[in-house]
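Structure first, commentary second.
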Amino acid sequence: MSRSRVLVGALLVVLLIAPYYLDGFWLQLGALAMAAGVAAIGLTLLVGVAGQISLAHAVFVGIGAYGYIVLASDSSDLAWGLGWPPALAALGGIGLAALGGLVLSPLSGRVNGLYLAVVTIGLVFIWQHVLQEVGGISGGYVGRSVPELDVLGVNLGDTEPWVVAQVPFGAAEKLWWLGLLVLVVAYVTARNVVRGRPGIALAMVKESEIGASALGIDVRRGRAAAFFLAALYAGAAGVLVALTTQFVTPQGFGFQLSTDYLVMIIIGGLGSVRGAVAGAVFVTALPRVLGQYADRLPFLSQVGEGGIDANVMSVFIYCALLIVVIMFARGGLDRALGLLAGPRRRPAPDRAPEPVLAEVA
Amino acid sequence: MKSFVKAVAPALALGLAVSACSSKADDSSGGGVGADGVKTGAGVTKDSITLAALVPLSGPIGGLGQDGVAGVKLYFDKVNADGGVCDRTIAIEARDNKYNSQETMTQYTGLSGDVAAVANLSPGTDAITLESRLKKDGLAVMAGSYDPLLLAVHQAFMPGTPYDVEAVNGISHLVDEGTLAKGDTIGVIAYPNGIGEAVTKGVDGAAEHFGLKVEHTKIDSTATDATAQVNTLKRAGAKVIVMGTAGGPTVSAASVAAASGYDVTILATNLLSQGDVQGAAKEAIVDHVLLTSNSAPFSSDAPAVQELLAAWEKQADGRPITAPVAAGYLMAGVLHKALQQACDDGDLTPQSITDSMAKVGKIETDGLGVDLDYSTPGAAPSLASFILKPDPAAEGGAVIVTGPEESDAAAAYAESQGYVK
Amino acid sequence: MDSLLNALASGLSLGALYAVMALGFVVIYRATGVLNFAHGAFLLVGVYVASVVSESHGYLVGVVAGLLTGALVAVVAETVFLRNSRTHDHVTLTILTLGLNLLVVTEVSRRIGTETLPLRDPIGNDVVEIGAITMPTVRLIALVVAVLAITVFLLLFRFTSWGLAMRVSNQDGEVAALMGVRLSVVSWTSWAIGGALAVLSGLFLASFPTPGVTPALADTAFRAFPAAVIGGLGSVGGALVGGVMLGMVEAFAATYEGSLGGWAHNLSGISAWVLLLVVLLLRPQGLFSAKQVQRV
Amino acid sequence: MVEPILQAEGLTVRFGGVVALDDVSFAVAPGSIHAVIGPNGAGKSTCFNAMTGLYPLAAGTVRMSGERLDRVPRHRIVRRGVARTFQNLVLPDALTVADVLRLGRHHRTRAGLLATALALPAARRERRTDDDVVRSVAEILGLEGHLDDPVGVLPYGLRKKTEIARALCAEPEVLLLDEPVAGMNDAESRALGERIRECREQFGLTVLLVEHDMELVMSLSDHVTVLQSGRVIADDRPERIQQDPVVIAAYLGADPAEVRDGREEVVSRG
């Protein structure tokens, strides 16, 4: 049995029993990190594997979240809803995000590189505009509360707490397990895709469009498919985010969230599924943990004194780490994890890209 | 795969065995009675009471939260110096919500077990986001927004008059002084968010009351150039423009009006900074702008204002005082009253502090802001507003014209909206 | 009719400022292949310094100090951070500029706090009236300065060895090296110019009829992204046309959205993005960039 | 002559004002090894790229077993039985050699996102078939020891072989090799030449190659087409090409028009 398998097994066990010990802050942090992990896995398939940079990931996470709410909520005088069984609505939310990805996927099929980056920024602003305008569905600027999840009569919220080995299990504990389950499924399926036929085809598309098409790979279709797949994972993450925060607002799915996801996969090591998860945990936890232990940090001023307090410092640390990882740490957290798991294979050398683009009249 | 299962299974069994002795098994956290006979709950120990501040602390509007928390601390420093509440000192735990309600929720979850009440100096609808959690935890939130939607959250307390009622007061003042007469047109420039929608609603209400016509325009909440909107309203012949925005568009609208020789009064809630009033647009602002406000300008000679200025001067190393400092100071004063009441009742649990807000009755702010009354849940704590005039020479950039006063129109409007119960 | 003319004038001057900003994106992109997300940071820090310096040394000194600061910060970004990175992947380096942006904007915002800082320009809120058009004097000057800056840039681009190097370096690093052009010089000078152009547009965007220097100014750089991309990221001419198009669309949307009603009533905020979406779906490489052919 | 398997007729390619290929025609006999040679800039690679749909044709047709190939979208060409390699290696460095070879099987497999993500039986069956082909091709080219290495870390010669192996995994009828031995030493190129010949025998391949190494071309190929400045100046068996004064002059830098008169003399005398 390899060292990495033992490590992964041990990690899973720790994660399974963690809700018995952790309090609300850590449970919520974990659930958010796991949701972010699912989203980051999707994004790394698009950006890291297929080489298409997207800043619209928050849009699809948002569609998943709002989709679940609209499908699962009953109509009220404040906002419209369909009142589906929540489990069905959760699948519906994921489906809507995937559908959104499918509708917008020709964009990824046609537009490349940094052009796609900018046009997807546009999608974020357009999405937020739409959320404001369809107040009867989205709750407008106020947002909407999230109905509890219920799977085949098993309540995953606070209304029917479980007692597991004498420990009361509320929504936070249950969602930790749900998040873990979704994350594991996302992880395994993404690994299969990356190592399987579509994944290596996308790696080839990223290397060279022409080379890929000479091998019979339909470049546009491949890129569009990657966009769709990223949206699907984002939708699942969106449902988890909604369940965890119990209330969603338009600002929650804006440009900042999209950049956070990008930062996660870069810190994690582009194209690496486990790196994406590690990056997600890191980016989700860093500012919140720093805020939580702010008063124990020396040399910082207190909030309101006009100096640099822990909250501002956490932004600085976040930026500094991002910059340093990009500058020096080739392979990101994925490489660090690789070292931890024992030597497996040498990393690919980091070549300077050849100037392959030429403007031909 | 099989070897993997072999590795995991025993570890899992071991884990479950260990988990049986989780510390969470006997849930006895929070609650109890101190040696002094005071019942305590989350955030209260035998010598301290911890309050949360969930505010933006970094990024473009991070300054607002930083100054707001400075105001809250300034007030409680004074309280602590006088012996605190119930022989306990007041401590503030501030967290950055990045001006994002969902982030407020996350931060709240991290803190809710360790604080006795929450101050939220964020110009959004965070309290609505938190509503179900607040109810469960019994915590009170002092809200940093005057969005009337917050009135529906019984655990939330706004420290003044809702935006829409304030707009009605402003229009009523303009009618009283003869600027507006029946049949005139009022223009609105509004953000597509809380303040914008509330002001729009207030203007519509006032227009109905006074027989005015209304012309609506919108402005993007990231935009600061109101040229197109002002030109539209000029063509519509608006005699007054009411701003449902932050300070930036107000300054822009005044400048545009001045530049194009448009004789219009611009009515805005006081979100102008000293820099706005003393900057390039100062003449335009003085000529065109009239402000409504929930709090007194720093030029006021009310004792509470002077006290605040003196306290700030002593502590701030020459940093200028700003409106958020005063807002934080005022909120802290309200929270202090509730804490004192809860202490007198011998119960410092969160729910008791929340209930105390209603018990303390009318809260006099000694001229710092409008007087507040939380005794009826769901009702607006005040219907009065200050009317201010910008004045570059005055401290804080404005002087009081009248107020705080509650107009008849505001009373009627509030009645129609169910703000009076 | 009046409103049409006014929308045209306002769109033109706004468009000129967007063009200046877009030109900054294009210069940096051509030289280093990076889409500079830190443009807003350069703009904000430059305008902030201009405001602080102008308090003691007057407006013009402030402007010069601001432009130099913008250029300097941009050069530091290129020489310290980008050049020393071990990765050369343009997408990854683009993300690095996102980190730089957040870092600088957070610090400058902290310093500005809740205040609105004045720029103390001597023109203030004068307006000029030409026929039915009423236009802020500052915006008219902005138009003139933008046209001048763009002209100077185009002259440099066409007729100097630096410009020649700019034109070839993006296409073929080897050819440029053979021509004796030092790529490192081309890239840092390009960043300097990009930084200064950002501040130049910022100086006008913070003047009348907007209230002054606030942290939110950094976001205006985002509004110029579509301008740079609509024209084609590598195209200087495209940046100019894209900028003007964008200014026009925003001005017209702001003027007429009231009469559109429904979903369109607040369209001006996103009109640029909708335009971009449509343009790129039709021409994925922008209006003026030639089709990119990959060599094998 | 037997019916050609691959036939170029009147190929013309323009870049802006430059004519890169001018009315190029030649035919490749099935089962043959056919070389396209010419001095630098003669248009050899352009010819390859035009035939595989990478460059738009200004005029001319390409036929594969009589059917038009030039109207087929470029990602469908491999399905018609034409696989190719590139002059500059086009290999994603992070993939293992085995993955790169599997890429060659892309057009012969079906497993989509869902089947792969869930590791459905159909996807796993396909994978097993692929792996059999991958292993046998790797053995032929001597790559079997490197299947799990990332291509990026391999020496140049092995990467070159990986690229050829990938094209072979496509099980093509016609294999287009763009400078297969460029950058190799004599012994290596001779060995690779042997491998190419073996592959032809074993899989019944037709090989069309562009190559600079004259010795290899002459020893390996059955037929040679010579290009200069985008035109065909000679098209014959290798031993005749070797003696063709036009070709010799072209390689020495003379104007083909001048030499042509001389050749006609030679031909008429012969």
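Chains as they are written, first to last, in our numbering: chain W, 55 to 415; chain G, 44 to 464; chain L, 2 to 297; chain B, 35 to 304.
All C-beta atoms, glycine included, are put in the ideal place defined by N, C-alpha and C.
Note that the structure is a prediction, hence the values are computed from the model and not measured.
Note to self: Buried or exposed for V106 (chain L), going by 16 or more other Cβ atoms inside 10 Å?
What the structure shows: Burial call: buried.
Checklist line | Contact set between F209 (chain L) and chain G, taken where Cβ atoms lie within less than 8 Å | finding: In chain order: S298, A302, A323, A324.
Note to self: Here's a check: name, in chain order, each residue in its chain whose Cβ is nearer than 6 Å to the Cβ of T221 (chain L), leaving out the five neighbours to either side.
What the structure shows: L206
Notebook entry, point to check: Quick one, which of G:L97, G:A233, G:D263 has its alpha-carbon nearest L168 (chain G)'s?
Noted result: At residue 168 (chain G) the sequence reads Thr, which differs from the Leu that was named. Closest option to T168 (chain G), Cα to Cα, is G:L97.
Next item on the list: Run down chain W in chain order and give the residues with a C-beta less than 8 Å from the C-beta of R111 (chain L).
Entry: I362, V366
Check: DSSP on S343 (chain G), reduced to helix/strand/coil?
Finding: Coil.
Checklist line | C-alpha gap between S86 (chain L) and G323 (chain W), whole angstroms | finding: 15 Å
Checklist line | Near-chain C residues of the region 170-201 of chain B (beta-carbon distance less than 9 Å), N- to C-terminal order | finding: Any reference to chain C falls outside this structure, whose protein chains are W, G, L and B.
Next item on the list: Under 9 Å between beta-carbons, which chain B residues line up against G392 (chain W)? List them in chain order, please.
Entry: Near G392 (chain W) there are no residues of chain B at all, since even the closest Cβ is about 12 Å away, more than 9 Å.
Note to self: If you reduce the DSSP assignment to three classes, tell me which class R249 (chain W) lands in.
What the structure shows: helix
Note to self: Check this for me: beta carbons of A279 (chain W) and L147 (chain B), under 8 Å apart or not?
What the structure shows: yes
Next item on the list: Answer yes or no: the CB of G211 (chain W) versus the heavy atoms of the ligand ADP, is any distance below 7 Å?
Entry: This structure lacks the ligand ADP; in fact it carries no ligand of any kind.
Next item on the list: Please work out which residues of its chain come closer than 6 Å, Cβ to Cβ, to Y74 (chain W), disregarding the five sequence neighbours upstream and downstream, and give them in chain order.
Entry: V221
Next item on the list: Identify, in the order they occur along the chain, each residue of the same chain with its Cβ nearer than 7 Å to the Cβ of N236 (chain G), setting aside the five sequence neighbours on each side.
Entry: So the list reads S264, once near-sequence residues are dropped.
Notebook entry, point to check: Counting contacts by CB-CB distance shorter than 8 Å, is R389 (chain W) in contact with chain B?
Noted result: no
Notebook entry, point to check: Using the beta-carbon of each residue, which ones in chain G are nearer than 7 Å to S199 (chain W)?
Noted result: S175
Notebook entry, point to check: Quick one: what's F26 (chain L) bridged to in DSSP?
Noted result: The beta-bridge partner set that DSSP reports for F26 (chain L) is empty.
Checklist line | Of the listed residues W:F309, W:L344, W:P160, W:L229, nearest to V273 (chain W) (C-alpha basis) | finding: W:P160
Next item on the list: Would you mind working out which of B:G264, B:V62, B:T163 sits nearest R142 (chain B), comparing C-alpha positions?
Entry: B:T163
Notebook entry, point to check: Taking the C-alpha atoms as reference points, what is the distance between A370 (chain G) and R362 (chain G)?
Noted result: 17 Å
Check: Does the distance from the C-beta atom of D278 (chain B) to that of A268 (chain B) stay below 8 Å?
Finding: yes
Margin query: Below 8 Å on the Cβ atoms is my contact criterion, and I expect A92 (chain B) with Q262 (chain B) to pass it. Report the Cβ-Cβ distance as a whole number of Å.
Written below: With a Cβ gap of about 19 Å, A92 (chain B) and Q262 (chain B) do not count as contacting.
Check: Is the CB of V128 (chain L) under 8 Å away from at least one CB in chain G?
Finding: yes
Notebook entry, point to check: Helix, strand or coil for I134 (chain L) per DSSP?
Noted result: For I134 (chain L), the three-state secondary structure derived from DSSP is strand.
Checklist line | Contact with chain W by T33 (chain L), beta-carbon distance below 8 Å | finding: Cβ-Cβ to chain W under 8 Å: no for T33 (chain L).
Item checked: Range of the contiguous alpha helix (DSSP H) that encloses G195 (chain L) -> 184-206
Item checked: Sequence-distant residues of the same chain with beta carbon closer than 7 Å to L15 (chain L), five excluded per side -> G248, E251, A252
Note to self: Output needed for E228 (chain B): all residues of its chain with C-beta closer than 6 Å, excluding positions within five of it in sequence on either side, in chain order.
What the structure shows: none
Checklist line | Under 9 Å by beta carbon: chain G residues contacting L269 (chain W) | finding: The premise fails here: L269 (chain W) is roughly 32 Å from chain G at the closest Cβ pair, so nothing lies under 9 Å.
Check: Is the distance from the Cβ of A271 (chain G) to the Cβ of N126 (chain L) below 8 Å?
Finding: no
Notebook entry, point to check: Going along the chain, which residues of the region 237-254 of chain W sit with their C-beta nearer than 7 Å to a C-beta in chain B?
Noted result: T243, N246, V247, G250, R251, P252, I254
Item checked: Below-8 Å beta-carbon distance, Y315 (chain W) vs any chain L residue -> no
Next item on the list: Return the Cβ separation of G34 (chain L) and G106 (chain G) in integer angstroms, given the expectation that the two are a contact with Cβ distance under 8 Å.
Entry: Wrong, their Cβ atoms sit about 36 Å apart, outside the cutoff.
Notebook entry, point to check: For N85 (chain L), which three-state DSSP category applies?
Noted result: coil
Margin query: According to DSSP, Q41 (chain B) sits in a beta bridge with which residue or residues?
Written below: B:A61, B:R97
Item checked: Alpha carbon of G47 (chain L) to alpha carbon of Q286 (chain L), nearest angstrom -> 31 Å
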